[in-house]
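Just so we're aligned, residue 1 is where the sequence shown starts under full-length UniProt numbering, counting upward by one. Read through the structure below, which is laid out as structure tokens, and then see the notes.
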Amino acid sequence: MGPETLDLIDRHRRERAAALADRLVELIDAGNPGYREMGVVPRDDLWRSCHDNIERVFALLLEQQVDATSTTDPAFEAARETGRRRAEQGLPLDDVLRSFRLGGRLIWDDLLAAPAMAEHQVDLLEVGSRLWQVVDASSAQVASAYHRFERERARVDAQQRTDLWEGLMSGRAADPGFAHRAAQILDLPDDGDFVAIVADQLDGTSAPGLLPGAWLRRGRDVVGLVLLTQGLAPVLQALHRVGQGAVGISQPMAGLAHGERAFEQAILAWRTLAGRPGVTSYGDRLPEALLLGSPSVAESLVQRWLAPVLARPRGEADVLVGTLEAWVACGGSAVATAAVAHCHRNTVVNRVRRVEALTGERLEEDRPPLELELALRAHRLQGTASR
């Protein structure tokens, strides 16, 4: 473009930018309903954005070298600021880009209507080509800034949600202010009845629909707070459908303030499964939870009642332990145990006497010791990863 054309564009910028901003706001109101219907962009904000971007489009028309791909070039700062602001306000990107196209068309029509442009027909095609290059480059900068803000917001939101979960699991929800903020962000009621859930893996597509609440993948596992709208039974049924490993559930809790205790219970319930697939609740595994919470007691029970048995060759030890488990489950009845173990009653009696000889502990028929039952439960739990 010749010097006279450049002077004309510069003069047009100085004289027409404010009027063009007024007109562009009207066009956006009329032709871009997203702005009007959502009502998230204040009118003075819209006018200022229109004015700044019109100024920058004219300025870019006058510049010879501009890096349209740079995310830091100050020439595109108005466009980037528009992208950031509209993303923050929640306006759809398509509506933002449509307003830039409206602005480009408005500037072009206004230049064509300028009497002085008729004297520079030679440069007119170049001005038009250059104008749409600038509009396209500005739109790209808008989109880039918009997406960058969305990514950063998603990262911040994810970190915020993680921090909230950690707070819930560590007892911070005892503070009513924290509990209220957590409920708002996780979209949960402040005072509902919940259960906490800890799982190896859940069907991520089905769980949220079947189990209304909030979920977070945490390392290898999934944790959740599920709202009890119809009691615990539907939750258990749903977890049996979507659980793909070990799943532990707390007892029902009233409100988020009890989140720490709920997650402690869910974790203990999960650990009682010792890595085996299944769904279990804390209330159904209280003896195992007690043993997991007192590892030294659990170890003492195993040492007293089972260590000599476990020291035998693997095959013999497995048979004796299996017989003991069946004998305890059958209330010490040799007849009932024989039916379960598929052997003769005398075989059961002989195996029980063998355990007596190894451990030095008396085992009376029909009276299995509570300590033996706990020792067997503790043995099943051994090897469970702590968390």
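The beta-carbon is built from N, C-alpha and C at its ideal position, and this holds for glycine as well.
What whole-angstrom Cβ distance do residue i and residue j have, given they're in contact under 8 Å?
i: V142; j: V57; result: With a Cβ gap of about 12 Å, V142 and V57 do not count as contacting.
i: A269; j: A289; result: 7 Å
i: R367; j: G332; result: 5 Å
i: E361; j: V328; result: Going by Cβ atoms, the distance from E361 to V328 rounds to 13 Å, so no, they are not a contact pair.
i: R377; j: P234; result: About 29 Å; that fails the 8 Å criterion.
i: L292; j: R271; result: 5 Å
i: Q89; j: V156; result: Not quite, the Cβ-Cβ distance comes to about 16 Å (not below 8 Å), so this is no contact.
Could you compute how far the alpha carbon of residue i sits from the alpha carbon of residue j?
i: W47; j: L188; result: 39 Å
i: S386; j: A336; result: Because S386 carries a pLDDT of 39, less than 50, the predicted location of this residue cannot be relied on, and the following value inherits that uncertainty. Going by the C-alpha atoms only, they are around 36 Å apart.
i: D45; j: R84; result: 13 Å
i: T384; j: D190; result: Since pLDDT at T384 reaches only 46, below the 50 mark, its modelled position is unreliable, and no value is offered.
i: D136; j: A30; result: 22 Å
i: R86; j: F194; result: 37 Å
i: E316; j: Q230; result: 49 Å
i: V247; j: V340; result: 28 Å
i: A116; j: L8; result: 8 Å
i: Q160; j: E166; result: 10 Å
i: S294; j: L324; result: 23 Å
i: L228; j: E264; result: 18 Å
I'd like the list of long-range same chain contacts for residue i, defined as Cβ closer than 6 Å, with 5 residues on each side in sequence excluded.
i: R356; result: Checking the sequence, you will find Glu at residue 356 rather than Arg. Once the five neighbours on either side are set aside, the close Cβ partners of E356 are L363.
i: G103; result: L24
i: G224; result: I197, G213 and W215
i: L358; result: P308 and V309
i: H379; result: V302 and L306
i: R13; result: F58
i: V222; result: A199 and L202
i: R36; result: D29
Taking the beta strand (DSSP E) that residue i falls in, what are its first and last residues?
i: R56; result: Careful: R56 lies outside any beta strand (DSSP E), inside the alpha helix (DSSP H) at R43 to L62.
i: D221; result: D221 to L227
i: R218; result: G213 to R218
i: G322; result: Segment R314 to A329 is the alpha helix (DSSP H) holding G322; no beta strand (DSSP E) there.
Note down, in chain order, each residue of its chain lying with its Cβ closer than 7 Å to the Cβ of residue i, except the 5 sequence neighbours on either side.
i: I107; result: L20, I54, V57 and L131
i: H147; result: none
i: A114; result: H12
i: C330; result: A336, T337 and V340
i: R276; result: A246
For the alpha helix (DSSP H) holding residue i, just list the boundary residues, first then last.
i: D366; result: Unbroken run through D366: none, as it is neither H nor E.
i: S296; result: P295 to W305
i: S99; result: L93 to A113
i: G2; result: Run containing G2: none; DSSP gives neither H nor E here.
Could you pull out every residue in the same chain whose Cβ sits closer than 8 Å to the Cβ of residue i, ignoring the five residues on either side in sequence?
i: M253; result: D193, F194, V195, A196, G259, R261 and A262
i: L236; result: I249, V279 and S281
i: R80; result: T71, Q141, V142, S144 and A145
Quiz prompt | Three CB pairs or more closer than 8 Å across the stretch 239 to 251 and the stretch 172 to 179 | solution = no
Quiz item: Quick check: the stretch 166 to 174 against the stretch 245 to 263, are there 3 or more CB pairs under 8 Å?
Solution: yes
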